[in-house]
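Trainee: Going by our numbering, 90 is the number at position 90 of the sequence shown; the sequence numbering is gapless. Each residue gets a CB set at the ideal place from its N, CA and C atoms; glycine is no exception. Source: prediction; values computed, not measured. What follows is a structure written as structure tokens; I'll ask about it next.
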Amino acid sequence: MAMTVETAQLNNQSILESFGLVEELDEQAGEIISGGSEKFSIRNGTQNRIYYTVDGVQSVIKPGQEQRISTNLGGKIRFDRDIRDTRVVLRSYNLNDSTRYEFRPNDKTSNPNDIDLYLV
1 MAMTVETAQL NNQSILESFG LVEELDEQAG EIISGGSEKF SIRNGTQNRI YYTVDGVQSV
61 IKPGQEQRIS TNLGGKIRFD RDIRDTRVVL RSYNLNDSTR YEFRPNDKTS NPNDIDLYLV
């Protein structure tokens, strides 16, 4: 059986989808097409240090601190939504250019240690 170009492309796409890579590739392609560079700021409105990554680069932000970030890699932030325990439950977002964000206690849960990232 001969494999056509279309069949090969569909096969490759289904392999990438099974590994969860298609969404990542689409986000990265979108950033490249739109110019790629993004700048945003993040403030820590909690009473705790928050450890997070933006595009794989690890950082820590102290209570009350504001950080300005510039990236050419898409602006994807990941952080542990529960700041008290050792079990890590990641939350992630794709941040927008020229936007301000703030870590705050999550007002949608009853857990006082649950945090989220809000637009300011």
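Distance, Cα to Cα, I50 vs L90?
Mentor: Taking the sequence shown and counting its residues from 1, the one referred to as residue 50 is at position 50. Taking the sequence shown and counting its residues from 1, the one referred to as residue 90 is at position 90. Cα-Cα distance, rounded: 12 Å.
Trainee: Let me know if L119 comes out buried or exposed under the rule of 16 or more other beta-carbons within 10 Å of its beta-carbon.
Mentor: In the sequence shown, residue 119 corresponds to position 119, counting from 1. So L119 ends up on the exposed side.
Trainee: Which residue wins for smallest C-alpha separation from N106, given the options D80, G64, E66, R68?
Mentor: In the sequence shown, residue 106 corresponds to position 106, counting from 1. Nearest of D80, G64, E66, R68 to N106, Cα basis: D80.
Trainee: Any idea what DSSP makes of K39, helix, strand or coil?
Mentor: Position 39 of the sequence shown holds residue 39. In this structure, K39 counts as strand in the three-state DSSP scheme.
Trainee: I'd like the list of long-range same chain contacts for K62, defined as Cβ closer than 7 Å, with 5 residues on each side in sequence excluded.
Mentor: Reading the sequence shown from its first residue, position 62 is the one you call residue 62. Excluding sequence neighbours, K62 sits near N44, R49.
Trainee: Which residues does DSSP pair with Q67 in a beta bridge?
Mentor: Locating residue 67 in the sequence shown gives position 67, counting from the first residue. Assignment of beta-bridge partners to Q67 by DSSP yields I42.
Trainee: Go ahead and label G64 buried or exposed: buried means 16 or more other beta carbons lie within 10 angstroms of its beta carbon, across all protein chains shown.
Mentor: Numbered from 1 along the sequence shown, position 64 holds the residue referred to as residue 64. Around the Cβ of G64, a 10 Å sphere holds fewer than 16 other Cβ atoms; the residue is exposed.
Trainee: Can you grab the Cα-Cα spacing for the pair K76 / S92, in whole Å?
Mentor: As a first step, residue 76 is located in the sequence shown; it is residue number 76 there, counting from the start. As a first step, residue 92 is located in the sequence shown; it is residue number 92 there, counting from the start. Here the alpha carbons of S92 and K76 stand approximately 7 Å from one another.
Trainee: Going by the CB atoms, is the gap between S70 and I37 shorter than 8 Å?
Mentor: Reading the sequence shown from its first residue, position 37 is the one you call residue 37. Reading the sequence shown from its first residue, position 70 is the one you call residue 70. First, the amino acid is wrong: residue 37 is Ser here, not Ile. Inclusion of S37 and S70 in the CB contact set at 8 Å is warranted, their separation being smaller than that value.
Trainee: Which of the three DSSP states is assigned to L86 in this structure?
Mentor: As a first step, residue 86 is located in the sequence shown; it is residue number 86 there, counting from the start. Looking at the sequence shown, residue 86 is not Leu but Thr. Three-state DSSP puts T86 in coil, outside helix and strand.
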